[in-house]
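Number 755 marks the last residue of the sequence shown (this note's numbering); no jumps. A virtual CB, placed ideally from N, CA and C, is assigned to each residue, including glycine.
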Amino acid sequence: MLKAGAQKLKTAVEARSRHIHRWTEILLPFLVLATALVVRKADWDLVALAKFKVFDTYQRVSPRVWDPALPVRIVDLDEETLRRTGQWPWPRTLVAELLRATCRGAGVVAFDSIFPEPDRTSPPALAKTLPASAVEARALLSRLQDHDQVLARTIKEVQADGCQVVTAFALTNGDSDRSTAVKRPVLTRGDAPESFLFPYRDVTPTLPLVEAAAAGNGSMNNVPDLDGVARKAVLMFSLRGKPVPSLAAEAIRLAQEGGDKAVYLLRSTGQGESTGGAQTGLTAVKVGGLAVPVDSNGGVLIHFTRADAPRSVPAWEVMSKGFDPQRLGGGIVFIGTSAEGLKDQRPTPISSMAPGVEIHAAVAEQVLSGHFLERPDYAEGMELTFIILVGSALILLMGKLGAAWCAVLAAAAIGLFSWGSWLAFLGRFGGRRMLFDPVLPAMVVLMVYLFASLIRYLRTEAEKRQTRNQFSRYMSPDLVEQLAKDPGRLKLGGEMREMTLMFSDIRGFTTISEQFDAHGLTNFINRYLTPMTQIVLDHKGTIDKYMGDCIMAFWNAPLDVPGHEVLACRGALKMIRRMNELNDQWKAEADSEGRKYIPVRSGIGVNSGPCCVGNMGSDMRFDYSVLGDDVNLASRLEGQSKSYGVDIVLGAKTRAAAAAFASLELDLIKVKGKTVPVHIFTLLGDEGLAEDPRFKALAEKHAAMLAAYRGQRWDETDRLRLECEAESEALGLHILKLYHLYEERVAACRTEPPAADWDGVFTATSK
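This is how it looks when you write it as structure tokens:
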């Protein structure tokens, strides 16, 4: 019958497998390619955010090393400066004073703030606020210098002395007709850049008087990514379709020799470069004589330094007497603020909140030092190639290697690509620091693997389902599951394994069962067997069978279980503790129901040795079970637990393997049906009890008592027995029945002394 069922199963499974394979081989490659293309082109927010987080991690692990030799500094309007000098905005005369002080140690000064309105503290402005009757005061104030004119004149004066000044404007999307000055021409090479640059419709400029005096004028805007984190600095924006430079770009331009005459050149992929799978857009912005690689929108990826890089100097120090101008480096100085109240804080990959002016300073440092994070135009092409090659390999090899090895292949490929991405970030390939996205390739490869393994899983489950349907009537559920996983195991016979066996039985079960009807007895048995079974399973054992109230279990088959003897001992101890808890519950229930409570105790026998284990039974019904002399001995040991008044009886091999546990020898005994005597032991506790000095003393006296007994020294045996009784009770072990047994044996031996060559062996007459 089994052979006929197996042949029917084989035919059905093969037909189903051919059907699945046929569609799998056609659809999966197209699905892989379509998934890769859709995800790559869609640039989903979730994928983009994951990519950003990976690149952020790269930065935190390996930030750019700040070089004090780079001539870029920040004059910081920090909290202490505002406390000493007054809140922002300052009078323009004070700004002019700060500018003069800064220019003593700078070649270019860029304001990371705009001056959009006339200074309200200027004397002419104050004159307008006075009443008409204050004629003389109004006339006097009107004759005093306008603060904005003072600032404009100061800008011209410091520039005449060689310190170039850059003013700022803010791009918006308002509806005014305001404009701002573009100091130098912006040339293009390739496609017109307007469609690539970030577009704005409006601008908030610095006062024309001040703006006109400055040699440079740039946007102070920052364009964060979709999660609000600033990862790049945009060098060029679009205002009403016309390119306008950023604050940092203007500072970089003026920092070069002849920068006041320099122009900008925007290069795009439209001039003929290969895009390598990337979208068209800008590739570089040439600022004077410096070519800066940018992304398609004109952004420079910033490689941040640590947040504590000492590039900032408090403004109050710069304005104080005795300040050393050399601290400003003689190059580009950005005047900005780290004060929280001025709300110029941006999250970056390095810091949860960093002053916005540091972004301008960072990009200036990178351009001047030639240190860039590049996303080369062939990066997406390489990523797509990786996806197709690895995805195709997984599809082709899934049927041959299986899901596990393909998982190793996928993990190795993803790991290799991710490692390459990290090395590229470190600049290990030709010295260029490049960004390759490990997230999207990993996600697509993972999707391919999951889809391919799902197809394989469905095919395997179809085989298992057929197997279960065919053989569930002939085999136990456990064996059916094993057979479904490996049909090759469908055979009778077995193997020899070193195993540990356990038998557990309720003592006096007949008396206990008389309290219940059929339903109550079933409920009682289930309440006992369920927790005991769970304990066996928790300790990596296998339940062989239930025989009424008896549990038969074994360890170390069908799978290897290292330390199976120790696990069985721990399980046995826990079963006894759980039995005590059940007794408390049953007593409470009996008291509440007004019936007699009979304490329930169990005996456990544990033995280890070589056994034959495998599928045993008939052609129509068989189970995975175990046979052997050591199995029978384990059963006999369980039966002897009642005779010796202990809960757990161990065989010698089990006790030797679990020597660290607290145990005492019970006897040298010939169990029923055996001719060779064996040493048997009782298990009383774990390693904690074994290390108790009181137990060590008891174990020593107990061993001495057995030696005296086997040496027929009856008086010494009785003396040691009494001491053992007292010490065992003090430890709460409750093994008096064992010592009373030896008391009776000694009394019998005094009446009928054994032969002179007696070996101390006790022959059991019951199981």
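Cα-Cα separation, residue i to residue j
i: VAL35; j: LEU235; result: 31 Å
i: GLU305; j: PHE311; result: 6 Å
i: HIS771; j: SER716; result: Because the chain here runs from -11 to 755, residue 771 falls outside it and cannot be looked at.
i: TRP407; j: ALA401; result: 10 Å
i: ALA752; j: ALA622; result: 15 Å
i: ARG733; j: GLU502; result: 34 Å
i: PRO313; j: LEU254; result: 36 Å
i: ARG705; j: GLY482; result: The question names Arg, but residue 705 is Thr in the sequence shown. Each residue's alpha carbon lies about 47 Å from the other.
i: PRO426; j: VAL251; result: 38 Å
i: THR336; j: THR45; result: 11 Å
i: ASP332; j: LEU316; result: 22 Å
i: ASP248; j: ALA203; result: 7 Å
i: GLY324; j: VAL301; result: 11 Å
i: GLU67; j: ALA327; result: 5 Å
i: ASP55; j: ILE347; result: 16 Å
i: ASP617; j: CYS599; result: 8 Å
i: PHE512; j: VAL666; result: 35 Å
i: VAL288; j: ALA350; result: 10 Å
i: ARG420; j: LEU361; result: 8 Å
i: GLN758; j: THR257; result: As shown, the chain starts at -11 and ends at 755. That puts residue 758 outside it, with no answer to give.
i: GLY720; j: LEU677; result: 11 Å
i: GLY748; j: PHE649; result: 25 Å
Of the residues the options, the one placed nearest residue i, counting alpha carbons only
i: GLY74; options: LEU330, ASP165 and GLY216; result: LEU330
i: PHE491; options: THR530, ARG485 and THR160; result: THR530
i: ILE636; options: GLU626, ALA645 and ALA352; result: GLU626
i: GLY269; options: LEU214, THR176 and TRP76; result: THR176
i: VAL154; options: VAL97, THR325 and GLU569; result: VAL97
i: ARG707; options: GLY276, SER207, ALA692 and LYS630; result: ALA692
i: LYS39; options: VAL217, GLU68, TRP746 and THR168; result: VAL217
i: GLY229; options: TYR697, PRO196 and VAL174; result: VAL174
i: LEU656; options: TYR697, ARG682, ALA685 and ALA648; result: TYR697
i: ASP365; options: VAL282, GLN700, PHE750 and VAL436; result: VAL282
i: ALA297; options: ALA342, SER284 and ALA646; result: ALA342
i: LEU86; options: GLU711, LYS309 and LYS662; result: LYS309
Counted within 10 angstroms of its Cβ, other Cβ atoms place residue i as buried (16 or more) or exposed
i: THR642; result: buried
i: VAL232; result: buried
i: GLU449; result: exposed
i: PHE542; result: buried
i: LYS638; result: According to the sequence displayed, residue 638 carries Leu and not Lys. Buried is the call here.
i: MET567; result: buried
i: LEU759; result: Residue 759 lies beyond the stretch modelled for the chain, which goes from -11 to 755, so this question has no answer here.
i: ALA180; result: exposed
i: GLN573; result: exposed
i: ASN514; result: exposed
i: TRP78; result: buried
i: HIS291; result: buried
i: ALA303; result: buried
i: THR510; result: exposed
i: ALA743; result: exposed
i: GLN458; result: Confidence in GLN458 is poor, its pLDDT being 49 and thus under 50, which makes the residue's placement too unreliable to answer from.
i: PRO193; result: buried
i: LEU428; result: buried
i: SER183; result: exposed
i: ARG485; result: buried
First and last residue of the uninterrupted alpha helix (DSSP H) at residue i
i: VAL396; result: 367 to 414
i: PHE512; result: 506 to 526
i: GLU717; result: 702 to 718
i: ALA696; result: 681 to 698
i: TRP136; result: Looking at the sequence itself, residue 136 is Asp, so the reference to Trp does not match. Element bounds for ASP136: 135 to 148.
i: LYS725; result: 724 to 739
i: LEU253; result: LEU253 -> not in any alpha helix (DSSP H); beta strand (DSSP E) instead, spanning 252 to 256.
Beta strand (DSSP E) segment containing residue i, residue limits
i: LEU672; result: 666 to 673
i: LEU817; result: Beyond the ends of the chain as shown, which are -11 and 755, falls residue 817; an answer cannot be given.
i: ARG321; result: Here the sequence assigns Val to residue 321, which means Arg is not the residue at that position. Element bounds for VAL321: 320 to 324.
i: TRP746; result: No beta strand (DSSP E) contains TRP746, which DSSP labels as neither H nor E.
i: PHE99; result: 96 to 99
Near the ligand FMN: residue i beta-carbon under 7 Å from a heavy atom
i: ASP655; result: With respect to the ligand FMN, the structure shown offers nothing to examine, as it has no ligands at all.
Chain C contact for residue i (CB, 8 Å cutoff)
i: PRO681; result: Note that chain C does not occur in the displayed structure, where there is just one protein chain.
(request) Report the residue ranges of all alpha helix (DSSP H) runs contained in full by the segment 31 to 94; include only those spanning at least 4 residues, in chain order. (result) Runs found: 33 to 49, 67 to 73 and 80 to 91.
(message) Runs of 4 residues minimum, wholly inside the segment 569 to 610: which ones carry the alpha helix (DSSP H) assignment?
(response) Fully enclosed alpha helix (DSSP H) runs of 4 or longer: not present.
(message) Which runs of the beta strand (DSSP E) at least 3 residues long sit entirely within the segment 159 to 247? Give them in chain order.
(response) Listed in chain order, they are 174 to 177, 190 to 192, 204 to 207, 220 to 222, 224 to 227 and 230 to 233.
(request) Could you name each continuous alpha helix (DSSP H) segment of 4 residues or more that falls completely within the segment 604 to 655, going from the start of the chain to the end? (result) Counting only runs of 4 or more, we get 617 to 632 and 640 to 645.
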